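Residues 77 to 165 in our numbering are what the sequence shown lists, from first letter to last. A short write-up of the structure that comes next.
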Amino acid sequence: RVTWRASDVLERRTGICYAKAHALAALLRAEDIPTALCYQRLDVVHGLVAVRLDGAWHRQDPRGNKPGVNAQFSLGKERLAFTPDRAAG
């Protein structure tokens with residue numbers, strides 16, 4: 077079963093990137109932390125969030141880690157599963 081709703085992620089502790097991003101955004105917003113949903117256009121569209129902390133927006137990727145992917149929460153260094161194409165804007 078594909079877990080695609082934020083509530084499914086919380087219940088089943090797994091889900092696709094969109095669902096994880098929506099769940100994280102809801103949890104952060106519940107704590108009054110400004111959070112926006114973001115999407116990366118790749119071969120597929122990837123869901124992540126931007127969090128406003130310390131006066132700046134920080135993109136975060138809640139998809140989780142796997143071998144070769146270190147997408148831990150970090151304010152000092154952007155750690156996304158997929159490296160953004162700076163030339164694309």
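C-beta: ideal position from N, C-alpha, C; glycine also. The structure presented is a predicted model; accordingly, all values stated were derived computationally and were not measured.
Legend entry - Within 7 Å, strictly: CB atoms of Val125 and Thr111: Sequence index remark: in the sequence shown, residue 125 carries index 49 (1-based). Sequence index remark: in the sequence shown, residue 111 carries index 35 (1-based). Yes, Cβ-Cβ distance for Val125 and Thr111 is below 7 Å.
Inset, instruction - Would you list the residues sitting across from His122 in a DSSP beta bridge? - result: In the sequence shown, counting from the first residue as 1, residue 122 sits at position 46. Gln116.
Inset, instruction - Report buried or exposed for Tyr94, applying the criterion of at least 16 other Cβ atoms within 10 angstroms of its Cβ. - result: Looking up residue 94 in the sequence shown gives position 18. When all chains shown are included, Tyr94 counts as buried.
Legend entry - For Ala102, the first and last residue of its enclosing alpha helix (DSSP H): On the sequence shown, position 26 is the one that residue 102 refers to. From DSSP, the alpha helix (DSSP H) with Ala102 extends over Cys93 to Ala106.
Inset, instruction - Express the C-alpha separation of Trp133 and Asp108 in angstroms, rounding to a whole number. - result: As a position in the sequence shown, residue 108 is number 32, starting the count at 1. As a position in the sequence shown, residue 133 is number 57, starting the count at 1. Straight-line Cα distance between these residues: approximately 15 Å.
Legend entry - Leu118 and Ala99 closer than 7 Å at C-beta: Counting from one through the sequence shown, the residue named residue 118 turns up at place 42. Counting from one through the sequence shown, the residue named residue 99 turns up at place 23. No, the pair does not count as a contact, with Cβ atoms beyond the cut-off.
Legend entry - Contact under 7 Å by Cβ, Lys96 with Arg139: Locating residue 96 in the sequence shown gives position 20, where the first residue counts as 1. Locating residue 139 in the sequence shown gives position 63, where the first residue counts as 1. For Lys96 and Arg139, yes; Cβs fall inside 7 Å.
Inset, instruction - Would you decide whether Asp130 is buried or exposed? Buried here means 16 or more other CB atoms lie within 10 Å of its CB. - result: Numbered from its first residue, the sequence shown carries residue 130 at position 54. Around the beta carbon of Asp130, fewer than 16 other beta carbons sit within 10 angstroms, so the residue counts as exposed.
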